[in-house]
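Using our numbering, the first residue of the sequence shown is number 51, and each one after it goes up by one.
For every residue, glycine included, the Cβ atom is placed at its ideal position computed from N, Cα and C.
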Amino acid sequence: MTDEAVVCRTPLANRMTTRYDTSDADLEQAAAALRAGRLVAFPTETVYGLGALGLDEACLKRLYAGKGRPGNNPVILHTATTRQALSLVRLSNEESRLRFDQLAKRFWPGPLTLVCRKADHIPQEATAGLPKVAVRVPKHPVANRLLQLVEAPLAAPSANVSTRPSATCPEHVLATLENRIDGIVCGGSCEGGMESTVVDISDEHPVVLRPGAITLDQLRDVVPTIRQRDSIQPTATLPSPGTLGKHYAPSIPSIQLVDRARLRNAWNTDAALLLTETTATALRRALGANRSGPTEILSDEQVVYAQGLYAALYRLEQSCPDSLLIERPRATKDRDSGLQTAILDRLRRACL
Ligand code: TXA
Ligand code: MG
Numbered sequence: 051m052t053d054e055a056v057v058c059r060t061p062l063a064n065r066m067t068t069r070y071d072t073s074d075a076d077l078e079q080a081a082a083a084l085r086a087g088r089l090v091a092f093p094t095e096t097v098y099g100l101g102a103l104g105l106d107e108a109c110l111k112r113l114y115a116g117k118g119r120p121g122n123n124p125v126i127l128h129t130a131t132t133r134q135a136l137s138l139v140r141l142s143n144e145e146s147r148l149r150f151d152q153l154a155k156r157f158w159p160g161p162l163t164l165v166c167r168k169a170d171h172i173p174q175e176a177t178a179g180l181p182k183v184a185v186r187v188p189k190h191p192v193a194n195r196l197l198q199l200v201e202a203p204l205a206a207p208s209a210n211v212s213t214r215p216s217a218t219c220p221e222h223v224l225a226t227l228e229n230r231i232d233g234i235v236c237g238g239s240c241e242g243g244m245e246s247t248v249v250d251i252s253d254e255h256p257v258v259l260r261p262g263a264i265t266l267d268q269l270r271d272v273v274p275t276i277r278q279r280d281s282i283q284p285t286a287t288l289p290s291p292g293t294l295g296k297h298y299a300p301s302i303p304s305i306q307l308v309d310r311a312r313l314r315n316a317w318n319t320d321a322a323l324l325l326t327e328t329t330a331t332a333l334r335r336a337l338g339a340n341r342s343g344p345t346e347i348l349s350d351e352q353v354v355y356a357q358g359l360y361a362a363l364y365r366l367e368q369s370c371p372d373s374l375l376i377e378r379p380r381a382t383k384d385r386d387s388g389l390q391t392a393i394l395d396r397l398r399r400a401c402l
């Protein structure tokens, strides 16, 4: 932290959210605001993050308040380099050091979050009192530049009010956080659209706590013993608190995950529908091209589906429908299907 760092005391509600662009001059200003203790959203390769000084208790408290995030859900600390991430963790034996190195070398900078035992100086607020900390080195050039300029780790949960969908463009960050945060770096749409994969490597059984942008197959190419959380004894590891309960949900009273038959029945109603291209083409042919309810169509290809999912959910809620029916993604056998695990996880939790 620099001398100018003075914890910001602006009250939470009704603050003006400053827009920064991605020019050097604006990024310097955004970095200065972060260093002064302000909350500034910025793009990453997955979704927009809501940045705050990650080692400053007061900033972390303001971050939780700004997001309306429950105090038991820890945040990811983002750094510009693997070396900086290493300074936040405690790797107590040779095996965990090796795993950290292998995964960092292969996937950083990128959409992987590693959960490790925390170094002593990490404040309670960053880990929600847990003995472990989550760290990630993002790849997005704007995120990386901002981290370099701030010269300190940034806590950056997804930039949305708690339980709402993550945001993949500035407009959707501001849909829930306008006037609740101090600033946003407007850096266009995020390339990935699916949050990072969270892997706990702190004990001998590395486990995926949150499926995400990097698939289990990709992880196993590097560390073959990594398992999905569900496949192990529930007592063997602490769950990731943020993977419990309703989340990723647009503001629509009823949201259901359904098969094609249900979509067919709902085609000529006012219900909002979120479906894939193949299904939309089939239903249009069978039932007519025009329907009255709001409709969002996503690619059958999982990578493109993931890119568009959250923006589609935000657009659907803008029409204020009473109900939303989401087509259940069909199982695929290709190597890419690991991304489907993440997509299904998000859709299921939106429906809780
Ligand atoms: O792609 C991403 O990960 C985005 C971008 C902005 O980096 N960030 C993000 O943060 O999705 P958030 O806070 O929305 O989700 C972080 C997840 C939550 O499920 C949280 O419970 C888990 O990581 N997590 C964080 N620290 C943890 C810890 N110490 N132990 C277990 N889980 C942890
Ligand atoms: Mg989130």
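Cutoff 7 Å; reference residue i; Cβ partners in own chain excluding five residues on either side
i      : result
Thr132 : Ala154, Trp158, Val187
Thr328 : Asp350
Cys401 : Ile305, Gln306, Leu307
Leu394 : Pro379
Arg341 : Trp317, Asn318
Extent of the continuous alpha helix (DSSP H) run through residue i
i      : result
Cys240 : No alpha helix (DSSP H) holds Cys240; DSSP gives it neither H nor E.
Asn194 : 191–200
Beta-carbon proximity list for residue i, same chain, < 8 Å, skipping 5 on both sides
i      : result
Glu228 : Thr67
Leu313 : Leu323, Leu325, Thr329, Leu333, Leu375, Glu377
Residue i and residue j closer than 8 Å at C-beta
i      : j      : result
Gly116 : Leu204 : no
Pro300 : Pro215 : yes
Thr247 : Val257 : no
Ala263 : Gly242 : yes
Pro371 : Gly338 : no
Gly233 : Tyr70  : yes
Val223 : Thr72  : no
Leu197 : Ala169 : no
Glu201 : Glu107 : no
Val183 : Thr177 : yes
Glu346 : Leu366 : yes
Pro251 : Leu266 : The sequence shown places Ile at residue 251, not Pro. No, these two residues do not count as a Cβ contact at 8 Å.
Residue i, DSSP secondary structure in three states
i      : result
Asp395 : helix
Val165 : strand
Leu375 : strand
Ser142 : coil
Gly233 : strand
Bridge-paired residues (DSSP) for residue i
i      : result
Ile347 : Leu325
Val257 : Asp250, Arg277
Gln134 : BP columns for Gln134 are empty, so no partner.
Gln306 : Leu375
Leu100 : Ala91
Ser208 : Gly99
Ala184 : Ile126, Val165
6 Å CB neighbourhood of residue i in its chain, flanking five on each side removed
i      : result
Gln134 : none
Ser212 : Lys117, Gly118, Arg119
Tyr298 : Pro215, Arg396, Arg399, Ala400
Pro220 : Ile234, Cys236
Residue i, enclosing beta strand (DSSP E) - first and last residue
i      : result
Tyr70  : 68–70
Leu127 : 126–128
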